[in-house]
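In our numbering, the protein residues as written are 583 to 777.
If you want it as structure tokens, here you go:
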């Protein structure tokens, strides 16, 4: 589909059909996580489009319009900052979670980190605790959190806007968090870099 996504036209959340499948397959080829392509422009597809828009420096509206189509045609992908081993990278400027193996970005997950008042701490950390359930935190429930520093975790949440909105944690969608658990990414001991 490379260099052909412009013929898809505009696609919006709620759309269904073969064009949505083509969009989902191309996003998946580039590593943008959205689960299994199903032909429905639902929450997971919107999250993947947000991630592409963030990586391309585009306005973040979750809609597949002309500029987003061009970014998809160009194969825009964020670059890793770690080059040896298996890492999770949290990019604060772009609000993306990158899953990296030996310098190659394997998966890109839309994320929302800490707001200005409760910023996600930068640094090099390690996943040290995991709770396979909803976990009560001081700011509310965290879905299947993977803690990497103090009470800060990558966790699922019902709302993952395309901008910083959490109380310091790294929010991903509920579906993405389920996939992170089942895929083996973010196991205990996994290095996490926040930049």
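A virtual CB, placed ideally from N, CA and C, is assigned to each residue, including glycine. Treat the numbers as computed from the prediction; the structure is a model and nothing was measured.
- If you keep only unbroken beta strand (DSSP E) runs of at least 3 residues inside the segment 605 to 673, you get 668 to 673.
- Assigned with DSSP and collapsed to three states, residue 768 falls in coil, not helix or strand.
- Ranking 654, 658, 636 by CA distance to the CA of residue 676 puts 636 first.
- Taking a contact as a CB-CB distance under 8 Å, the pair residue 674 and residue 777 counts as one, their CB atoms being some 6 Å apart.
- In the structure shown, residue 700 falls within a helical segment according to DSSP collapsed to helix, strand and coil.
- Here residue 641 is not near residue 708, since their CB atoms are 8 Å or more apart.
- For the 8 Å CB-CB criterion, residue 738 and residue 726 form a contact.
- For the pair residue 593 and residue 646, the CB atoms are nearer than the 8 Å cut-off.
- Comparing C-alpha distances from residue 659 to each of 748, 609, 694 shows the shortest one belongs to 609.
- CA-CA distance, residue 603 to residue 622, rounds to 8 Å.
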